[in-house]
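Chains as they are written, first to last, in the numbering used here: chain A, 22 to 100; chain B, 249 to 452.
Where is the CB? At the ideal position from N, CA and C, for every residue including glycine.
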């Protein structure tokens with residue numbers, strides 16, 4: 022397995038979707054390939070940074086306009 | 249002050265009570281619906297911003313998504329999380345906006361794959377906790393800037409799979425793409441983002 026083949030399987034590797042045979046091949050490659058190991062580690066980290074990122078609170082003006090629009094709709098549906 | 253525009257305090261209702269809130273909202277209780285909105289408004293706004301890359305559009309998308317959710321609340325059957333249902337509505341709104349503003353920017357065609365896509369550049373060790381080098385605000389802007397610069401075809405797939413954590417199948421269905429197309433776009437999105445972030449996080 023070459024570096025290019027490992028990178029093609031990177032998502033499947035990180036998402037735990039490789040067959041047992043492919044997994045063994047990727048891991049065998051990583052044992053002697055520092056570059057692939059680093060790419061996989063840093064990609065894993067990239068995903069976790071985005072996935073764990075807390076959203077910023079809604080800006081006050083945006084929040085206010087949203088709730089005004091909702092209040093208007095709620096009032097209409099009560100009529 | 250109008251109570252409807254008062255910024256709510258963080259909810260004390262535990263997540264498991266969501267079904268009760270939805271049931272009450274369906275029965276016409278506006279304050280329960282407001283509570284659901286307050287719980288998810290910042291996430292839906294971020295999702296809309298990530299897709300449209302425009303604050304005004306994102307605000308329109310978010311408002312429209314919550315208003316549609318309220319109108320069609322009876323269609324929510326409770327077979328997924330309420331948030332997932334909201335995400336579906338918001339993504340459809342955001343894609344409509346994106347297509348209207350920039351026709352052809354999000355394509356359903358699979359871009360031609362070149363071997364070059366799979367040759368990572370800028371390979372470096374980031375160390376165990378690279379993000380701790382930055383304040384939260386700084387980190388947020390680094391991540392927002394990186395995602396904004398990603399091509400829309402890749403950005404939308406990445407946002408749904410890795411930020412919103414939808415499954416590959418759900419993402420494919422929402423976007424009208426095949427499962428292999430989602431996987432291929434996701435892989436390239438992840439590699440490009442990794443490359444964009446490298447200069448911020450590589451170990452000094």
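Check	Outcome
For residue 82(A), is the classification buried or exposed, using 16 other Cβ atoms within 10 angstroms of its Cβ as the cut-off for buried?	exposed
Please report the residue range of the alpha helix (DSSP H) in which residue 266(B) lies.	266–274
Beta-carbon separation of residue 343(B) and residue 288(B) under 8 Å?	no
Is residue 277(B) helix, strand or coil when you go by DSSP?	coil
Using C-beta distances below 7 Å, list every residue in its chain close to residue 314(B), excluding the 5 sequence neighbours before and after it, in chain order.	285
In three-state terms, what does DSSP make of residue 382(B)?	coil
Less than 8 Å between CB atoms is the rule here; does residue 52(A) satisfy it with respect to chain B?	no
Please state whether DSSP places residue 428(B) in a helix, a strand or coil.	helix
Whose C-alpha, out of 427(B), 449(B), 423(B), is nearest the C-alpha of residue 299(B)?	423(B)
Rounding to the nearest angstrom, what Cα-Cα distance links residue 295(B) and residue 70(A) in this structure?	16 Å
Hey, quick one: how far does the alpha helix (DSSP H) through residue 28(A) stretch, first residue to last?	24–29
Please report the straight-line C-alpha distance between residue 441(B) and residue 398(B), rounded to a whole angstrom.	8 Å
Please classify residue 47(A): is it buried, with 16 or more other beta-carbons within 10 angstroms of its beta-carbon, or exposed?	buried
In angstroms with no decimal places, state the Cα-to-Cα distance between residue 371(B) and residue 446(B).	8 Å
Can you find at least 3 beta carbon pairs, one from the region 422–439 of chain B and one from the region 300–307 of chain B, that sit closer than 8 Å?	no
Going by DSSP in three states, residue 73(A) sits in which element: helix, strand or coil?	coil
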